[in-house]
Structure formats: C-alpha cells, structure tokens
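Engineer: Residue numbers (the working numbering): 981 to 1333.
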Ligand SMILES: Cc1ncc(COP(=O)(O)O)c(C=O)c1O
C-alpha cells in the first residue's frame, strides 16, 4: 500500500502507535464477555488504571469518539431547558454538526475569545438569566483542554472556573480530547488539573495521541454518573467488543505512554514554531503551548505548500499585511512527527517564499 506523506493536518491523521497496536494484537485472542459486562477482566483492569491516575472516587465509561463523550457526558448533567456555556471555538459548539443541540436539545451560550480560553468574568453576564423563566438556565461550563486554539489552561484557571461554576449551582465539563498534551505541557499529572480542582465530568481522549479509536467519559462524582450506562446505550455508544477499547487505554496509561507520545507532539510543535518564527514572511498568530501551531502566511503560498504537505486553513477570510493577503492556518504535530518532517516542510517554505 502506498504510504501517505506526513503532513500537519491534525493529530488524528497519524496512525496507531506501536505499543497500542501490540496491545490490540495481544487482546485479540479467545472469547470474553462482550460489552465489558459482568466482571469482564479487560475493562476492570482499565478501570483500575484510571483510578491510579484520577483517584478512586470516579466512574469510567468507554465510548467510540470524542463527540459522543462530549454529548453524552454533558447531556447527563442537564435538561434541555438548561444551557451550556462554552467558548465559540469549542469543538462542542463548532465541530459537532449540531449533535449537542439535537441530542441534548439545550442551548449553547457562546463566549468569543481569541485564545480559546474563557474566564469567570465572561460567564458572569449569563447568570442574569437564572430564575428568569423566559431564558435557558445556564448549568454547565464546558472548557477544552488543550483549547481548539492550541492554548492550555493552568490549574489555577481551571480551579477559578470550577469554583465559580459550583458557587452558582453549575457544573464544569472538560473536553479533554488532548488532555495528555496539556498535562505534558504543564509538566504535571492528570489529577492536578481535574480531580484536584473540581472538574465534574471529563471527556478523556486517546485517538489524537496514538490510539486507534475510543474515548472515555469520566465522572468525578459517582452520583452524577447515575444511570449513565443506559444513556450510553440509548446514545448508541456501547461498544460490543469492548476489550478493544479497554485494552488500548490500559496500555496508554501504563509506563507513561500517554506522556511520551504527547511530549513528542508538543516538542515538535515548539521546534516547528521556532523555525517558522525565523521566516520574515510568516508569523505565529497564537501562543504555542501544546502540539498546535497557528500561523499567518501569504494566501498564495498555501495551495503550493498543500500540494506536498496537507494542513488546514483556520480562517478563510484574509487579513492584509501591507497589500499582501494573509490567512491563518493550523499546523498540528503528532506522536509520529519527526524532525525530518519539520525540516522538509521548512525547506519547502523557504524555497517558495
Ligand atoms: C477539541 C476536540 N474535542 C473533541 C474532538 C472529538 O472528535 P471526534 O468525535 O472526531 O472523535 C475533537 C476532534 O477533532 C477535538 O479537536
């Protein structure tokens, strides 16, 4: 089969890392309970791994993908007359094709931010709706860690939002499709930015950091998880051959594989950003805090580069530097991005500008 050249489109364009592939092959033997039911060993082992990383007082549910983790996780916290507060750039708001609106039925209250992060001051104005029967009732603050703009919330920033949510009878949900990249970037552990700061529900991702498929909904308050197994099944996300999701996560959470993969992606993004910052025709347009690099580049350069390396244009509408139209693009690094991939890309830019 023809290998496709590596680009910077997204961290889910990469394949499965070798350790996970091995875990999948290992578990592909014999017959065991389907659906993770009963005392099925493979899921129980994975649950224990999650407890090692997040503490004992959690409930863990495997699902297929990140959209489902967000929709089912948040949907279990609210009624359709309540509302979700999120950054306008949140995956939940922009990239889930209205799944939250259809399956939760609730309104999303958007906050416009340049860096993808929100702060309590921006949520405050929505509180005036509480108790006013004509308005959706704000009930969940959803944040993405890493944000869709490549930035990372600090522990203090998350705690401030969680405290604010709880003081106002709301919950906090974290879309952690890239939580491993955030934890690696902050040089901390999973507990530090979730369990310890009051996150109520987490969508824990793996696909963007070396897994084949599978994401997780983690409840940090077991009461909130009440009846979630039924919501998952009704939500069409109960995987039948559950061992293939569970075993990937056991491997992922063993010997810091999650950190190793995330550090490679984050370090490659730093390298890429450093080299780009030396090219006068290009400029870095957002802080590079994890594995994404946002860059303003001359519009006419983009299709020429895309012939060789694919990546997404983030903002289609051009901005002008003098009379040169520039567009913002997003370059994502992955667990398998190499120094050679970056050098090849930079050499091509230098040849073309
Ligand atoms: C921030 C964020 N959340 C969630 C997802 C999950 O998406 P999917 O449903 O494709 O697994 C993605 C994938 O692009 C994402 O970037």
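Even glycine gets a Cβ: it sits at the ideal position worked out from N, Cα and C.
These numbers were taken from a predicted model, which means no experiment stands behind them.
1. Is the beta carbon of residue 1047 less than 8 Å from the beta carbon of residue 1096?
2. Beta carbon of residue 1159, beta carbon of residue 1185: below 8 Å?
3. Since residue 1325 and residue 1300 are thought to touch, with beta carbons under 8 Å apart, how far apart are those beta carbons, to the nearest angstrom?
4. If you compare alpha carbons, which of 1105, 1179, 1230 is closest to residue 1002?
5. Please check the pair residue 1314 and residue 994, which I expect to be a contact at CB under 8 Å, by giving their CB distance rounded to whole angstroms.
6. Compute every distance between the C-beta of residue 1071 and the non-hydrogen atoms of ligand 1, then say whether any falls below 7 Å.
7. Does the Cβ of residue 1206 have 16 or more other Cβ atoms within 10 Å, making it buried, or fewer, making it exposed?
8. Closest by CA to residue 989, which one among 1297, 1322, 1321, 1292?
9. From residue 999 to residue 1061, what distance separates their C-alpha atoms?
10. CB residue 1043 to CB residue 1217, shorter than 8 Å?
11. Give every residue of the same chain whose Cβ lies closer than 6 Å to the Cβ of residue 1039, excluding the five residues on either side of it in the sequence, and list them in chain order.
12. Using only alpha-carbon positions, find the residue among 1236, 1009, 1055, 1015 that is nearest to residue 1211.
13. Could you tell me the distance, in whole angstroms, from the CA atom of residue 1226 to the CA atom of residue 1011?
14. Just the C-alpha distance for residue 1197 and residue 1305, rounded to the nearest angstrom, thanks.
15. Please name the residue, chosen from 1222, 1069, 1194, that lies closest to residue 1014 on a Cα-to-Cα basis.
16. Please state whether DSSP places residue 1291 in a helix, a strand or coil.
17. Verify whether the separation of the beta carbon atoms of residue 1270 and residue 1246 is less than 8 Å.
18. Looking only at its chain, what residues have a beta carbon closer than 6 Å to the beta carbon of residue 1067, apart from the 5 residues adjacent to it on each side?
19. Using the Cα positions of residue 1260 and residue 1076, report the straight-line distance between them to the nearest angstrom.
20. Using the three-state DSSP reduction, which class does residue 1164 fall into: helix, strand or coil?
21. Could you check whether residue 1084 and residue 1103 sit closer than 8 Å to each other, using their CB atoms as the reference points?
22. Applying the criterion that 16 or more other CB atoms from any shown protein chain within 10 Å of the CB defines a buried residue, is residue 1276 buried or exposed?
23. To the nearest whole angstrom, what separates the beta carbons of residue 1248 and residue 1317, a pair I think is in contact under 8 Å?
24. Whole beta strand (DSSP E) runs in the stretch 1198–1281 with 3 or more residues, listed along the chain?
25. Counting along the chain, where does the alpha helix (DSSP H) carrying residue 990 start and finish?
26. Report yes if the CB atom of residue 1272 is closer than 8 Å to the CB atom of residue 996, and no otherwise.
27. Would you give the residue range spanned by the alpha helix (DSSP H) that residue 1001 belongs to?
28. How about residue 1096: is its Cβ closer than 7 Å to a heavy atom in ligand 1?
29. Hey, would you say residue 1109 sits closer than 8 Å to residue 1070, going by beta carbons?
30. If you check the beta carbons only, do residue 1224 and residue 1052 fall under 8 Å apart?
31. Can we count residue 1047 as close to ligand 1, meaning its CB is less than 7 Å from some heavy atom?
32. Cα-Cα, which of 1312, 1294, 1255 is closest to residue 1323?
33. Less than 7 Å separating the Cβ of residue 1075 from some heavy atom of ligand 1?
34. By a C-beta neighbour count over all protein chains shown, 10 Å radius and 16 as the cutoff for buried, is residue 1170 buried or exposed?
35. Can you give me the C-alpha to C-alpha distance between residue 1297 and residue 1021, rounded to a whole angstrom?
Structural biologist: On the basis of the coordinates in this document:
1. What you label residue 1047 is simply residue 67 of the chain shown in a count that begins at 1. What you label residue 1096 is simply residue 116 of the chain shown in a count that begins at 1. No; because the gap between Cβ atoms is not below 8 Å, this pair is not in contact.
2. Reading the chain shown from its first residue, position 179 is the one you call residue 1159. Reading the chain shown from its first residue, position 205 is the one you call residue 1185. Their beta carbons are under 8 Å apart, which means residue 1159 touches residue 1185 by this criterion.
3. For the purposes of this step, residue 1325 is taken as residue 345 along the chain shown, with counting starting at 1. For the purposes of this step, residue 1300 is taken as residue 320 along the chain shown, with counting starting at 1. Actually they do not touch by this definition, with Cβ atoms about 25 Å apart.
4. As a first step, residue 1002 must be located in the chain shown, where it is residue number 22. The closest CA to that of residue 1002, considering only 1105, 1179, 1230, is found on 1230.
5. By one-based count along the chain shown, residue 1314 stands at place 334. By one-based count along the chain shown, residue 994 stands at place 14. Going by Cβ atoms, the distance from residue 1314 to residue 994 rounds to 4 Å, so yes, they are a contact pair.
6. On the chain shown, residue 1071 is found 91 positions in, with the first residue counted as 1. Checking every heavy atom of ligand 1 against the Cβ of residue 1071, one is found closer than 7 Å.
7. As a working note, residue 1206 is residue 226 in the chain shown. Flag for residue 1206 reads exposed.
8. For the purposes of this step, residue 989 is identified with residue 9 of the chain shown, where counting begins at 1. Closest option to residue 989, Cα to Cα, is 1292.
9. To locate residue 999, count along the chain shown from 1; it is residue 19. To locate residue 1061, count along the chain shown from 1; it is residue 81. Using only the alpha carbons, I get a separation of about 45 Å.
10. Against the chain shown, residue 1043 aligns to sequence position 63. Against the chain shown, residue 1217 aligns to sequence position 237. Between residue 1043 and residue 1217, the C-beta spacing is below 8 Å.
11. Reading the chain shown from its first residue, position 59 is the one you call residue 1039. Cβ neighbours of residue 1039 within its own chain (closer than 6 Å, five residues either side excluded): 1199, 1202, 1205.
12. Within the chain shown, numbered from 1, the residue matching residue 1211 stands at position 231. Among 1236, 1009, 1055, 1015, the Cα nearest to that of residue 1211 is on 1055.
13. Here the question's residue 1226 lines up with position 246 in the chain shown. Here the question's residue 1011 lines up with position 31 in the chain shown. Residue 1011 has its alpha-carbon roughly 15 Å from the corresponding atom of residue 1226.
14. Along the chain shown, read from residue 1 onward, the residue named residue 1197 stands at position 217. Along the chain shown, read from residue 1 onward, the residue named residue 1305 stands at position 325. Roughly 43 Å separates the two Cα atoms.
15. In the chain shown, residue 1014 corresponds to position 34, counting from 1. Residue 1222 is the option with its Cα nearest to residue 1014.
16. For this step, residue 1291 is matched to residue 311 along the chain shown. Residue 1291 falls in the coil class under three-state DSSP.
17. Sequence index remark: in the chain shown, residue 1270 carries index 290 (1-based). Sequence index remark: in the chain shown, residue 1246 carries index 266 (1-based). Their beta carbons are under 8 Å apart, which means residue 1270 touches residue 1246 by this criterion.
18. Residue numbering aside, residue 1067 sits at position 87 when the chain shown is read from its first letter. For residue 1067, where only same-chain residues beyond five positions count, the Cβ hits under 6 Å are 1091, 1093, 1096, 1098.
19. Start at 1 with the first residue of the chain shown, and residue 1260 comes out as number 280. Start at 1 with the first residue of the chain shown, and residue 1076 comes out as number 96. If I take the Cα positions, the gap works out to 36 Å.
20. As a working mapping, residue 1164 is identified with position 184 in the chain shown. Secondary structure at residue 1164: helix, using DSSP grouped into helix, strand and coil.
21. Residue numbering aside, residue 1103 sits at position 123 when the chain shown is read from its first letter. Residue numbering aside, residue 1084 sits at position 104 when the chain shown is read from its first letter. Not a contact, by the Cβ cut-off of 8 Å.
22. The count along the chain shown starts at 1 and reaches residue 1276 at position 296. Residue environment: residue 1276 is assigned as buried (16 or more neighbouring CB atoms within 10 Å of its CB, all protein chains considered).
23. If you number the chain shown from 1, residue 1248 lands on position 268. If you number the chain shown from 1, residue 1317 lands on position 337. Contact holds; Cβ gap of about 4 Å.
24. Entirely contained in the stretch 1198–1281, the beta strand (DSSP E) runs reaching 3 residues are, in chain order, 1272–1278.
25. Here residue 990 refers to the residue found at position 10 when the chain shown is read from its first residue. Counting along the chain, residue 990 falls outside any alpha helix (DSSP H), and DSSP gives it neither H nor E.
26. As a position in the chain shown, residue 1272 is number 292, starting the count at 1. As a position in the chain shown, residue 996 is number 16, starting the count at 1. Their beta carbons are not under 8 Å apart, which means residue 1272 does not touch residue 996 by this criterion.
27. As a first step, residue 1001 is located in the chain shown; it is residue number 21 there, counting from the start. From DSSP, the alpha helix (DSSP H) with residue 1001 extends over 998–1007.
28. Counting from one through the chain shown, the residue named residue 1096 turns up at place 116. It does not: the Cβ of residue 1096 is nowhere closer than 7 Å to a heavy atom of ligand 1.
29. As a position in the chain shown, residue 1109 is number 129, starting the count at 1. As a position in the chain shown, residue 1070 is number 90, starting the count at 1. For residue 1109 and residue 1070, no; Cβs fall outside 8 Å.
30. The residue you call residue 1224 lines up with position 244 of the chain shown. The residue you call residue 1052 lines up with position 72 of the chain shown. With respect to the 8 Å criterion, residue 1224 and residue 1052 are not classified as neighbours on the basis of their beta carbons.
31. Residue numbering aside, residue 1047 sits at position 67 when the chain shown is read from its first letter. Answer for residue 1047: yes, Cβ within range of ligand 1.
32. Looking up residue 1323 in the chain shown gives position 343. Closest option to residue 1323, Cα to Cα, is 1255.
33. The residue labelled residue 1075 in the question sits at position 95 within the chain shown. For ligand 1, a non-hydrogen atom lies closer than 7 Å to the CB of residue 1075.
34. Locating residue 1170 in the chain shown gives position 190, counting from the first residue. Buried, because 16 or more other Cβ atoms sit within 10 Å of the Cβ of residue 1170.
35. Locating residue 1297 in the chain shown gives position 317, counting from the first residue. Locating residue 1021 in the chain shown gives position 41, counting from the first residue. Here the alpha carbon of residue 1297 sits roughly 52 Å from the alpha carbon of residue 1021.
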